[in-house]
Each structure stands twice: as structure tokens, then as C-alpha cells.
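Participant: Could you have a look at this structure, given as C-alpha cells, before my questions?
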Amino acid sequence: MEILLIWYMSNSDRLIPYFRRFRVQWQTGRLIKGSAVNSCTLTQSFVQTQRRFRCKYNLPVRSEVPSKNAILRWVRDFNEKSSVNSKFAGETRTVRSQENIGRVREAFEHSPRCSVVRHSIALHISDQSLQTILHLDLKLHLYKIQTVQKLNPIDKVNRLDFCTQFLETMNNNAEILNYLTYIKSTCSIFIAATKLSAIRYKSVTI
């Protein structure tokens with residue numbers, strides 16, 4: 685900390701212009717733009733506007749101030765839109781165009797097992813843009829194949845027997861519901877029956 689303080693004190697003369705520039709950039713907003721528009725309207729000169737800007741914010745003579753094009757653009761926006769906060773549209777993104785969406789759909793219909801990375805390389809589209817097209821435009825999501833237990837003819841009989849036994853157990857002991865836990869992920873019912881100090885678990889797949 686002491687070294688940083690000594691370095692700042694020895695370089696304070698060089699850092700002051702940077703701090704002033706940062707302050708000007710931080711303060712640039714509706715107030716500054718509105719003040720520049722007002723000054724340019726009164727003086728009809730962008731040079732006088734720049735001079736007033738330096739005097740208002742106590743800036744050196746050769747410090748950075750809003751350029752001629754910026755001031756004229758603010759005045760034009762205010763006269764046309766009654767606002768100086770118009771956003772710059774920039775370049776139009778064409779990655780999610782109808783042509784690219786059709787190419788992606790055709791590629792995945794032709795090679796559904798191919799990975800997104802390989803498709804992105806073949807189509808010359810980034811993997812992030814390809815994921816966006818798949819999810820938002822084509823409404824496609826990752827499909828994972830899951831294996832399930834094969835059902836045999838005897839399973840129906842076992843299920844019916846279990847349900848019958850479970851209903852009889854509930855009629856004989858209603859408190860068994862307090863020891864019942866249902867696990868959705870495995871679709872199994874575990875019944876814990878407490879007898880003395882031992883706990884018995886019975887698992888029946890339903």
C-alpha cells in the first residue's frame with residue numbers, strides 16, 4: 685500500500701488528465717448532451733459550445749471534449765426526435781436468418797446423430813449460435829435415450845398381489861403411512877417396519 689501511495693504521489697501530475705478524462709466520460713449523459721444542445725442552439729457554433737464545455741467542467745484548453753459530429757448529431761436528434769438518447773442501431777445480426785435456420789434443420793434431419801460441434805464446423809456457424817437456433821427457432825432439445833425395466837406377464841399378477849396385501853396392511857395398521865417413502869426417480873416404494881431395534885425394508889417395484 686505504501687509503495688502504491690508513493691508511486692501515485694510521484695506520478696500525480698501525469699494521472700490528473702486521466703482522472704479528468706474519466707470524470708468527463710462518467711458524467712456524459714443526458715445532462716451533458718442537453719447542455720451541449722442548448723449551448724449550440726444559442727451560439728450557433730460548435731466551437732463556442734466546446735469552449736463553454738471546458739469552462740463548465742474546468743478542463744484544460746487541449747482536453748478532450750465532445751466533437752463537432754457528436755454535437756451536431758445531438759442537435760439533429762433533439763430537433764427530429766425531441767430526445768438526445770437515441771441508440772446506435774449498429775450492424776444487423778444475420779446468424780439467425782431464415783437461410784441459416786433452414787440449413788441447420790436440413791443438416792440435423794440428414795445427420796441427427798452428429799454432434800453440435802461437428803455441425804457448427806460444417807455449417808460455419810459458432811456452437812453458441814447453433815444452440816440458439818436449435819432451441820429458440822427450431823424448438824429442438826437434447827434427447828437422451830433411457831433404458832427401462834422390461835415388463836413380463838407375471839408382473840401384472842405381482843402388482844395386483846402387492847396392492848391387495850398393502851390394502852390389508854393399511855386396514856390392520858393405519859400408522860404404516862408414517863413409514864412410507866415414495867422415491868420418484870426409481871419408482872419404488874420402501875416400507876420401513878420397526879420391530880424392537882431392527883428395521884426391515886421391503887422394496888417392491890411398481
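Quick note: the sequence shown, position 198, residue 882 per my numbering, numbers continuous.
Cβ atoms here follow ideal geometry from the backbone N, Cα and C, with glycine treated the same way.
Does the region 805–812 come into contact with the region 833–842, if we say contact requires no fewer than three beta-carbon pairs (one atom in each stretch) closer than 8 Å?
Facilitator: Because the criterion of three Cβ pairs below 8 Å is not met, the region 805–812 and the region 833–842 do not touch.
Participant: Taking DSSP as the reference, what is the three-state secondary structure of TYR741?
Facilitator: Reading the sequence shown from its first residue, position 57 is the one you call residue 741. Reduced to three states, the DSSP call for TYR741 is coil.
Participant: Less than 7 Å between C-beta atoms, sequence neighbours within five positions excluded: which residues of the same chain meet that for THR733?
Facilitator: Looking up residue 733 in the sequence shown gives position 49. The answer, listed in chain order, is ALA720, SER723, CYS724, THR727 and ILE755.
Participant: Could you give the uninterrupted runs of the alpha helix (DSSP H) lying entirely in the region 789–828, keeping only those of 4 residues or more?
Facilitator: Taking only runs of at least 4 residues, the alpha helix (DSSP H) segments lying wholly in the region 789–828 are 800–807 and 811–816.
Participant: Rounded to whole angstroms, what's the CA-CA distance from VAL800 to GLN815? Just pull it up for me.
Facilitator: By 1-based counting over the sequence shown, the position of residue 800 is 116. By 1-based counting over the sequence shown, the position of residue 815 is 131. Their backbone Cα atoms lie some 8 Å apart in a straight line.
Participant: With a threshold of 8 Å, are at least 3 pairs of Cβ atoms found where one atom belongs to the region 817–837 and the other to the region 781–795?
Facilitator: Counting Cβ pairs under 8 Å, three or more are found: they touch.
Participant: Any idea if LYS717 is buried or exposed, counting beta-carbon neighbours within 10 angstroms, 16 or more meaning buried?
Facilitator: To locate residue 717, count along the sequence shown from 1; it is residue 33. Buried.
Participant: To the nearest whole angstrom, what separates the beta carbons of PHE737 and VAL749, a pair I think is in contact under 8 Å?
Facilitator: Indexing the sequence shown from 1 puts residue 737 at position 53. Indexing the sequence shown from 1 puts residue 749 at position 65. The pair is a contact, with the Cβ atoms about 5 Å apart (cut-off 8 Å).
Participant: DSSP state of THR831, grouped into three classes?
Facilitator: Start at 1 with the first residue of the sequence shown, and residue 831 comes out as number 147. In the structure shown, THR831 sits in coil (DSSP, three-state: anything other than H, G, I, E or B).
Participant: Which stretch, first to last residue, makes up the alpha helix (DSSP H) that contains ARG843?
Facilitator: Working through the sequence shown from its first residue, we reach residue 843 at position 159. Element bounds for ARG843: 837–856.
Participant: For VAL759, count neighbouring Cβ atoms within 10 angstroms of its own Cβ and tell me buried if that reaches 16, exposed if not.
Facilitator: Here residue 759 refers to the residue found at position 75 when the sequence shown is read from its first residue. By the 10 Å Cβ count, VAL759 comes out buried.
Participant: Indicate whether LYS765 and PHE730 have their beta-carbon atoms separated by less than 7 Å.
Facilitator: Locating residue 765 in the sequence shown gives position 81, where the first residue counts as 1. Locating residue 730 in the sequence shown gives position 46, where the first residue counts as 1. The answer is no: Cβ separation not under 7 Å.
Participant: Between the alpha carbons of SER747 and VAL779, how many angstroms are there, rounded?
Facilitator: Taking the sequence shown and counting its residues from 1, the one referred to as residue 747 is at position 63. Taking the sequence shown and counting its residues from 1, the one referred to as residue 779 is at position 95. Between SER747 and VAL779, the C-alpha separation is close to 41 Å.
Participant: Whose C-beta lies closer than 6 Å to the C-beta of LYS828 among residues of the same chain, with five residues either side of it excluded?
Facilitator: The residue given as residue 828 occupies position 144 in the sequence shown. Once the five neighbours on either side are set aside, LYS828 has no close Cβ partner at all.
Participant: What residues in its chain sit with their C-beta under 7 Å from that of SER767, if we drop five residues either side in the sequence?
Facilitator: The residue labelled residue 767 in the question sits at position 83 within the sequence shown. Taken in chain order, the residues that qualify are ASP761.
Participant: Can you grab the Cα-Cα spacing for the pair HIS825 / SER781, in whole Å?
Facilitator: In the sequence shown, counting from the first residue as 1, residue 825 sits at position 141. In the sequence shown, counting from the first residue as 1, residue 781 sits at position 97. HIS825 and SER781: Cα-Cα distance of roughly 20 Å.
Participant: To the nearest angstrom, how far is the alpha carbon of LEU891 from that of LEU861?
Facilitator: Residue numbering for the chain in the displayed model covers 685 to 890; residue 891 lies beyond these limits and cannot be assessed.
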